[in-house]
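Chains as they are written, first to last, in this note's numbering: chain A, 1 to 249; chain B, 1001 to 1249.
In structure tokens form, the structure reads like this:
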């Protein structure tokens, strides 16, 4: 792995794109005591990626309404008429975790160039997971609006339990990363209360329960958008990691 | 829903495809005391579906080796040289649960004609979930051989926790259905011990823990194919259902 990174760096050095002291930085936190130099890659190597969290024509009225509800709270107007940051922040979403991180496009090619994020692996809008996440730093909360497409079927006419688990892992994992830096899922305990009809829009609400050393405890509820129907309740545990956890398998 | 089924039945009666006393049977168990007549639909309406549990060129050597290991135990030879059923049985797998059940192709069209089973929603062989399930009635066990494709990525270079949960739900749910008839997932408690590298082949082993009334308790371990590496441990609970549970949302 390290030799491959070295070869890629040398290739860029030959092309005059990197200075000799530069080194690629993976997406994970740099361990204490490690000294690394940030790569300054030329911008033409990074085409603008598609942000899947933005509205598209497949979104139904409920998905759009909920999106606008939270989006309107990302920027608020002061009494003096000036705009400032609101309590919520929309998180952009791409189809590869590493691809758009610093140096990630090269690191990801080493691992598997065709790899795509599981929740964004289908191109057809509206067919699978349509979702957007918002975080609220003050309240230590994260919400996700999910429109479940026809390719997510489990029980006839309803969303697969694994597809629901996938979104719960995605939302709680993103929330834990936002709170604690890079993490890995250690436990998901999901209670399924009521099936989710295919095509419907639901709300996932993730809350921090507590942090203890490397552990981040999160709870998550999946409900109808008006909160009247409870679909699942989850407690999740995440462990903070460094790159060595992944590279060590 | 019942009126839609009636309309479809009347349509077939007009076409002379059904007798007037026939009635569509959903995939779920018929409640005690209910009298229903089995539909005998003409065979040309049912083209041969693709069985996704059979080998394809995307399968690697490990996937193929494990498949042959269990497949060879589905039919064994007696001392007299005659062939008879072995301890294991391969379960066929289609891309829609209802489509190939009795009457299911029509019932599924009423719900959503484009719907596809979440674990079989990608056509490109080897890109996502390649898997095959075998059950052992005597030992009340179920095994699944899984080859995780490049579209299942979560942490860089590794399988998404939700994709692992999806396969665990699929295997334990199929096993519970085999043991108890139609069920819905009530709880999944998954401990993630070690990440699964993208592209690797792993083994899921599902065992019956106990049955109590409507409840079926299952445990499931995901390991490397030689059993030396433990990836996840799960306890799962399933509840027996009738069609009304789904139709009632």
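Built from N, CA and C at the ideal position, the CB exists for glycine as well. If you're wondering where the values come from, they're calculated on a predicted model, not measured in any experiment.
{"query": "Nearest neighbour of residue 211(A), chosen from 241(A), 179(A) and 232(A) [CA to CA]", "result": "179(A)"}
{"query": "Opening and closing residue of the beta strand (DSSP E) in which residue 1186(B) lies", "result": "1183 to 1192"}
{"query": "Best match in 1183(B), 1223(B) and 1230(B) for proximity to residue 1213(B) [C-alpha to C-alpha]", "result": "1183(B)"}
{"query": "Sequence-distant residues of the same chain with beta carbon closer than 6 Å to residue 129(A), five excluded per side", "result": "119"}
{"query": "CB-CB length for residue 234(A) against residue 203(A), believed under 8 Å", "result": "Contact flag wrong, Cβ pair sits at about 14 Å."}
{"query": "9 Å Cβ cut-off: residues of chain A touching residue 1176(B)", "result": "Neighbours of residue 1176(B) on chain A: none; closest Cβ ~11 Å, over 9 Å."}
{"query": "Residues near residue 165(A) by beta carbon distance below 8 Å, same chain, minus five either side", "result": "188 and 190"}
{"query": "Residue interval of the alpha helix (DSSP H) (run including residue 70(A))", "result": "61 to 71"}
{"query": "Ranges of the alpha helix (DSSP H) found wholly within the segment 140 to 186 of chain A, counting only runs of at least 4", "result": "161 to 180"}
{"query": "Interface partners of residue 217(A) on chain B, CB under 8 Å", "result": "Within 8 Å Cβ-Cβ: nothing; residue 217(A) doesn't reach chain B, min ~14 Å."}
{"query": "Boundaries (first-last residue) of the beta strand (DSSP E) holding residue 134(A)", "result": "129 to 136"}
{"query": "Where residue 1052(B) falls: helix, strand or coil (DSSP)", "result": "coil"}
{"query": "Span of the beta strand (DSSP E), counted from its first residue to its last, around residue 1078(B)", "result": "Looking at the DSSP string, residue 1078(B) is not in any beta strand (DSSP E), and its letter there is neither H nor E."}
{"query": "Neighbour flag for residue 1133(B) against chain A, beta carbons, 9 Å", "result": "no"}
{"query": "For residue 1223(B), three-class secondary structure by DSSP", "result": "strand"}
{"query": "Residue 70(A) versus 200(A), 221(A) and 55(A), residue with shortest Cα-Cα distance", "result": "55(A)"}
{"query": "Identity of the residues DSSP links to residue 1113(B) by a beta bridge", "result": "Answer is none; residue 1113(B) lacks a bridge partner."}
{"query": "Nearest to residue 1124(B) (by Cα), restricted to the options 1141(B), 1140(B) and 1152(B)", "result": "1152(B)"}
{"query": "Spatial distance of residue 48(A) from residue 1168(B) (CA atoms)", "result": "36 Å"}
{"query": "Partners in chain A for residue 1150(B), counting only beta-carbon separations shorter than 8 Å", "result": "112, 114, 115 and 116"}
{"query": "Distance CB(residue 146(A))-CB(residue 131(A)) smaller than 9 Å", "result": "yes"}
{"query": "Cβ pair residue 162(A), residue 154(A) closer than 9 Å", "result": "yes"}
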